[in-house]
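Remarks on the structure that follows.
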Amino acid sequence: MDNNPVNLYGIEMVPTVDEEYTEDLPYLMRGDEKLYLTHRYGVDEATIYFGRTPPPAEYLGFTTYLGNRYVDGENLVIGASLSDTLNPTNIKVDSDGSYDDAFDKDVVVVNAGVESTYLAIQDAFAASNVSEDIMNLQVVSPDVFQYGLERDADTYNFLHRAHLYKNLTEQEERQSSPPVLIFRVTPKVSNPQLNYYPRPDRFDRKDKREDFAADLNTLENAIRESYDDYTVIRNNSSFPFLYFGEDCIDDDENCNGDNADTVYIGNVQGELLTETNFYVVFGVNHAKSNMARYCNVAVLNPGERKSIGEFNSINDMEGSAQEYVEDLDHLYVMHVRRNCTGHNFCFEVSYELPAGLTADTPPGFIERAYLKPGTTAGPHPLDLALFRVVFVNTEKTKISIKIKIKNAVTSFLIGIRNRAVEEIKKRYPFYHPPLTIF
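In my numbering, the protein residues as written are 2 to 439.
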């Protein structure tokens, strides 16, 4: 899902090996050559990323995913992280140990499930004078990944993320010519005695919850009073994406590319933007509440499952709530309009695709919060105060919400919303007061 416009993604592609079943693998074409996006691996194989971390940016991440798995003869998309993500707080590079000094550095990242394979790779790099201090192991444990080259084996792939580059020229140069080498390592001789790596531990993200309900109520009341002459409605509450890689792997469920470094919170709407009708999106700036290094909200075209833009805590949220309340600077407000002329803190939506919404398509929204300070991962999804969305109808006409949602919004976000309700009931009954998202 292309839903984060400030996030650049990189996918590692490696060659196939003899006897690897490839008939069901996704691929891109380069001339007459198939470039496979995911692979099956022998248990003693490994992959290597050898190159530079991205130039200075707000975030970088390396995540390995279980791609597909056959269950009872059916090829299921799992899309679940096999371990926590490598990011500036935990990646090994030659640096002063600070977050900002993790960028634009030499790095080696190895994905392996067997100790002897990793140690052989480590020795080979040491023989080439590459320091062990920049060697990073991402375990793909046989405890959670079904190795093999045959059809019924699992597949995995690797995703690299970089957010909000500080220098656009450096971003373009990395995109056009990444300073990276990717290797697939296949031992020539099988080792009958293999030391498998166990299932990796995950960082426990649960902590205290943000308690800003009263502040959000104050802000919402102020927004409503500001548009007292119009109809102001809040149709749908926001909902957390409750996807955790370890749970999806155990349950054979689609995790939709989870990332332990971030929280995803969605909101599905049904009213249409017009020249006069608009949305007001407001919530907690989680960077201000010290729950995230930064956060952003992407505006979506739900029917296409694509983002048309975003606003974030670094460039856009500061001072945005002061139009309505003066003393709640940890909150943000953004207006989503067809025409932003004369309006501050406003995201303008054109009618033209792909960067806009047609007249008959309502928007959707996804908020992200990246990397909780003082930890190596993101906050827990249920620890964050959920953002809110109200629709201001200046035309005082009733719009059929149910029809718009059914026709314009894909089942993707609706499915995540419904799953969140069930997951809260099943896995998080201890959250008090109970979390209500509808």
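All residues carry an ideal CB built from backbone N, CA and C; glycine is no exception.
Quantities reported herein were computed from a predicted structural model and do not represent experimental measurements.
Of the residues Gly-379, Val-298, Ile-315, the one placed nearest Phe-366, counting alpha carbons only: Here residue 366 corresponds to residue number 365 of the sequence shown, with the count starting at 1. Checking every option, the nearest Cα to that of Phe-366 belongs to Val-298.
Buried versus exposed call for Asp-230 [16 or more other C-beta atoms within 10 Å across all chains shown]: Against the sequence shown, residue 230 aligns to sequence position 229. When all chains shown are included, Asp-230 counts as exposed.
Asn-419 burial status per 10 Å Cβ neighbour count (16 or more: buried): Position 418 of the sequence shown, counted from the start, is the residue given in the question as residue 419. By the neighbour-count rule (16 or more Cβ atoms within 10 Å), Asn-419 is not buried but exposed.
Reduced DSSP category for Asp-317 - H, G, I as helix; E, B as strand; rest coil: Translated into positions along the sequence shown, residue 317 becomes position 316. Correct three-state label for Asp-317: coil.
Nearest residue (CA-CA) to Val-391, options Ile-415, Pro-303, Asn-268: Sequence index remark: in the sequence shown, residue 391 carries index 390 (1-based). It is Asn-268.
DSSP-derived helix/strand/coil call for Leu-9: The residue labelled residue 9 in the question sits at position 8 within the sequence shown. The answer is strand: DSSP assigns Leu-9 an E or B state.
Status (buried if at least 16 other CB within 10 Å, exposed otherwise) for Tyr-28: In the sequence shown, counting from the first residue as 1, residue 28 sits at position 27. Classification for Tyr-28: exposed.
Asn-112 beta carbon less than 9 angstroms from that of Gln-139: What you label residue 139 is simply residue 138 of the sequence shown in a count that begins at 1. What you label residue 112 is simply residue 111 of the sequence shown in a count that begins at 1. Contact: yes.
Residues near Asn-408 by beta carbon distance below 7 angstroms, same chain, minus five either side: Position 407 of the sequence shown, counted from the first residue, corresponds to residue 408. Only weak support is given to the placement of Asn-408: the predicted model assigns it a pLDDT of 43, under 50, and the value that follows is read from those uncertain coordinates. There are no such residues.
Pair within 9 angstroms by beta-carbon distance, Val-131 and Asp-107: Position 130 of the sequence shown holds residue 131. Position 106 of the sequence shown holds residue 107. Against a cut-off of 9 angstroms, the Cβ pair of Asp-107 and Val-131 comes out as a contact.
Simplified DSSP state of Ala-421, which is helix, strand or coil: By 1-based counting over the sequence shown, the position of residue 421 is 420. Helix, per DSSP.
Coil, strand or helix - Tyr-119 by DSSP: Position 118 of the sequence shown, counted from the start, is the residue given in the question as residue 119. In the structure shown, the three-state DSSP call for Tyr-119 is helix.
Leu-332 burial status per 10 Å Cβ neighbour count (16 or more: buried): Numbered from its first residue, the sequence shown carries residue 332 at position 331. Counting Cβ neighbours within 10 Å, Leu-332 comes out buried, since at least 16 surround it.
Which listed residue (Met-14, Asp-19, Asp-45, Tyr-22) has its alpha carbon closest to that of Met-30: Start at 1 with the first residue of the sequence shown, and residue 30 comes out as number 29. The option with the nearest alpha carbon to Met-30 is Met-14.
Spatially closest choice to Gly-68 from Ala-127, Pro-55, Ile-12, by CA coordinates: By one-based count along the sequence shown, residue 68 stands at place 67. For Gly-68, the nearest C-alpha among the options comes from Ile-12.
Beta-carbon proximity list for Glu-21, same chain, < 8 angstroms, skipping 5 on both sides: Locating residue 21 in the sequence shown gives position 20, counting from the first residue. Within the same chain, Glu-21 has close Cβ partners His-40, Arg-41, Leu-150.
Spatial distance of Ser-84 from Asp-328 (CA atoms): The residue given as residue 84 occupies position 83 in the sequence shown. The residue given as residue 328 occupies position 327 in the sequence shown. Spanning the two alpha carbons is a distance of roughly 41 angstroms.
Alpha-carbon to alpha-carbon, His-381 and Val-190: Taking the sequence shown and counting its residues from 1, the one referred to as residue 190 is at position 189. Taking the sequence shown and counting its residues from 1, the one referred to as residue 381 is at position 380. Their backbone Cα atoms lie some 44 angstroms apart in a straight line.
CA-to-CA distance, Leu-243 to Asp-212, given in whole angstroms: Stepping through the sequence shown from its first residue, residue 212 is reached at position 211. Stepping through the sequence shown from its first residue, residue 243 is reached at position 242. In this structure, the CA atom of Asp-212 is about 20 angstroms from the CA atom of Leu-243.
Exposure label - Gln-270; buried when at least 16 CB within 10 Å: For the purposes of this step, residue 270 is taken as residue 269 along the sequence shown, with counting starting at 1. Looking at its Cβ environment, which holds 16 or more other Cβ atoms inside 10 Å, Gln-270 is buried.
Residue span of the beta strand (DSSP E) that contains Ala-58, given as start and end: On the sequence shown, position 57 is the one that residue 58 refers to. Looking at the DSSP string, the run of the beta strand (DSSP E) that includes Ala-58 is 58 to 72.
Whole-Å CB distance - Ile-266 paired with Ala-81, under 8 angstroms assumed: By one-based count along the sequence shown, residue 266 stands at place 265. By one-based count along the sequence shown, residue 81 stands at place 80. No, Ile-266 and Ala-81 are not in contact; Cβ-Cβ is about 19 angstroms, not under 8 angstroms.
Strand pairing of Thr-48, partner residues [DSSP]: In the sequence shown, counting from the first residue as 1, residue 48 sits at position 47. Paired residue(s): Asn-112, Arg-185.
Local Cβ density within 10 Å of Pro-16, reported as buried at 16 or more and exposed below that: Numbered from its first residue, the sequence shown carries residue 16 at position 15. Pro-16 is exposed by the Cβ-count criterion.
Same chain, Cβ closer than 6 angstroms to Lys-207, neighbours up to 5 away in sequence not counted: By 1-based counting over the sequence shown, the position of residue 207 is 206. These residues qualify, in order along the chain: His-381.
Start and end residues, beta strand (DSSP E) containing Ile-135: As a position in the sequence shown, residue 135 is number 134, starting the count at 1. Counting along the chain, Ile-135 falls outside any beta strand (DSSP E), and DSSP gives it neither H nor E.
C-beta contact flag for Asp-134 and Val-181 at 9 angstroms: Reading the sequence shown from its first residue, position 133 is the one you call residue 134. Reading the sequence shown from its first residue, position 180 is the one you call residue 181. No, the pair does not count as a contact, with Cβ atoms beyond the cut-off.
Run of the beta strand (DSSP E) containing Thr-263, from where it starts to where it stops: Reading the sequence shown from its first residue, position 262 is the one you call residue 263. Per DSSP, Thr-263 belongs to the beta strand (DSSP E) from 263 to 269.
Nearest-angstrom Cα separation, counted from Arg-369 out to Lys-307: Position 306 of the sequence shown, counted from the start, is the residue given in the question as residue 307. Position 368 of the sequence shown, counted from the start, is the residue given in the question as residue 369. Cα to Cα, Lys-307 sits roughly 15 angstroms from Arg-369.
Run of the alpha helix (DSSP H) containing Ile-250, from where it starts to where it stops: Residue 250 sits at position 249 when you count from the first residue of the sequence shown. 246 to 252 is the span of the alpha helix (DSSP H), which, as asked, contains Ile-250.
Rounded straight-line distance, which links the Cα of Arg-162 to that of Phe-63: As a working mapping, residue 63 is identified with position 62 in the sequence shown. As a working mapping, residue 162 is identified with position 161 in the sequence shown. Each residue's Cα considered, the two are about 7 angstroms apart.
Nearest-angstrom beta carbon gap, Arg-389 and Glu-446 [assumed within contact, 8 angstroms]: Because the chain in this structure spans residues 2 to 439, residue 446 falls outside the shown range and cannot be described.
Range covered by the beta strand (DSSP E) that runs through Val-219: In the sequence shown, residue 219 corresponds to position 218, counting from 1. Note that residue 219 corresponds to Thr in the displayed sequence, not to Val. It is not in any beta strand (DSSP E) - Thr-219 instead sits in the alpha helix (DSSP H) that spans 214 to 227.
Where the beta strand (DSSP E) containing Glu-368 begins and where it ends: Along the sequence shown, read from residue 1 onward, the residue named residue 368 stands at position 367. Its beta strand (DSSP E) spans residues 365 to 371.
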